[in-house]
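Undergrad: Mind having a look at this structure? Questions to follow.
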Amino acid sequence: MTNVTYAYFKSKDEEQAFLMTGSDIGFTKWDNELKEALLRAPLTFRQYKVFDAIHRLTIDWNKQCAHIENTRIGKMTAIHHTHVSKVRKELENMNMIFKHNNEVSINQNYHEWSFNKSLAKPANKVKPKQLIVRKR
């Protein structure tokens with residue numbers, strides 16, 4: 000009769016994987032309150048993607064603000080850079096992002112974000128009752 004014991008020793012790779020931080024293994028940093036406010040915000044999909052890209056390039060890299068070109072956001076989000084420019088202006092008007100000189104930053108005080116009640120433009124209030132056709 001023999002007694003056998005198995006000894007398991009971790010490799011150095013397994014020990015290093017345990018010690019890695021979130022950013023080393025592919026996680027992003029999100030403030031929970033900011034993420035919940037973003038989920039409640041009435042944004043279009045493009046606005047959400049551009050905001051997320053700006054967040055990744057600033058807060059995820061421990062920066063308050065960064066010089067980010069529209070072409071870089073376009074490559075990250077698969078949105079044409081002209082549309083990225085339009086969406087950035089929309090996000091600025093909603094006070095979700097700030098533009099300082101050539102740098103952009105996220106407004107983390109989500110209570111300051113402002114949204115329009117509707118995205119559609121209101122119709123003309125004055126409507127003609129009758130169309131007048133003139134003969135020539």
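Numbering (numbering that gives the first Met the number 0), first residue to last: 0 to 135. Note that beta-carbon positions come from the ideal geometry of N, C-alpha and C, so glycine has one too.
List the endpoints of the continuous alpha helix (DSSP H) containing Gln-32.
TA: Counting from 1 along the sequence shown, the entry for residue 32 is found at position 33. First, the residue type needs correcting, since residue 32 is Glu and not Gln in the sequence shown. Looking at the DSSP string, the run of the alpha helix (DSSP H) that includes Glu-32 is 31-39.
Undergrad: Evaluate the contact criterion for the region 57-77 versus the region 92-105: three or more CB pairs, one atom per stretch, below 8 Å.
TA: The region 57-77 is in contact with the region 92-105.
Undergrad: Can you name the start and end residues of the alpha helix (DSSP H) that Lys-48 belongs to?
TA: Residue mapping note: residue 48 aligns to position 49 of the sequence shown, counting from 1. Its alpha helix (DSSP H) spans residues 44-56.
Undergrad: Return the CA-CA distance between Asn-61 and Ser-84, expressed in angstroms with no decimal places.
TA: The residue you call residue 61 lines up with position 62 of the sequence shown. The residue you call residue 84 lines up with position 85 of the sequence shown. Cα to Cα, Asn-61 sits roughly 24 Å from Ser-84.
Undergrad: Can you have a look at Leu-130 and say buried or exposed, based on whether 16 or more other CB atoms are within 10 angstroms of its CB?
TA: For the purposes of this step, residue 130 is taken as the residue at position 131 of the sequence shown. Per the 10 Å Cβ criterion, exposed.
Undergrad: Would you check if the distance between the CB atom of Asn-106 and the CB atom of Ile-96 is smaller than 8 Å?
TA: Numbered from its first residue, the sequence shown carries residue 106 at position 107. Numbered from its first residue, the sequence shown carries residue 96 at position 97. Yes; because the gap between Cβ atoms is below 8 Å, this pair is in contact.
Undergrad: In chain order, what residues of the same chain have a beta carbon less than 7 Å from the beta carbon of His-54, not counting five sequence neighbours either side?
TA: As a first step, residue 54 is located in the sequence shown; it is residue number 55 there, counting from the start. Result list for His-54: Ile-105, in chain order.
Undergrad: Taking a contact to mean a Cβ-Cβ separation below 8 Å, would you say Ala-52 touches Thr-76 in this structure?
TA: The residue given as residue 52 occupies position 53 in the sequence shown. The residue given as residue 76 occupies position 77 in the sequence shown. In contact: Ala-52 and Thr-76 (Cβ atoms closer than 8 Å).
Undergrad: Throw me the rounded Cβ distance for the Trp-112 and Asn-92 pair, which I believe falls under 8 Å.
TA: Within the sequence shown, numbered from 1, the residue matching residue 112 stands at position 113. Within the sequence shown, numbered from 1, the residue matching residue 92 stands at position 93. Wrong, their Cβ atoms sit about 11 Å apart, outside the cutoff.
Undergrad: Ends of the beta strand (DSSP E) at Ser-104?
TA: On the sequence shown, position 105 is the one that residue 104 refers to. Per DSSP, Ser-104 belongs to the beta strand (DSSP E) from 102-105.
Undergrad: Apart from the five residues on each side of it in sequence, which residues of its chain come closer than 7 Å, Cβ to Cβ, to Leu-90?
TA: The sequence position of residue 90 within the sequence shown is 91, counting from 1. The residues are Gln-46, Val-49, Phe-50, Ile-96.
Undergrad: In whole angstroms, what is the alpha-carbon distance linking Asp-30 and Ala-36?
TA: The residue you call residue 30 lines up with position 31 of the sequence shown. The residue you call residue 36 lines up with position 37 of the sequence shown. Cα-Cα distance, rounded: 10 Å.
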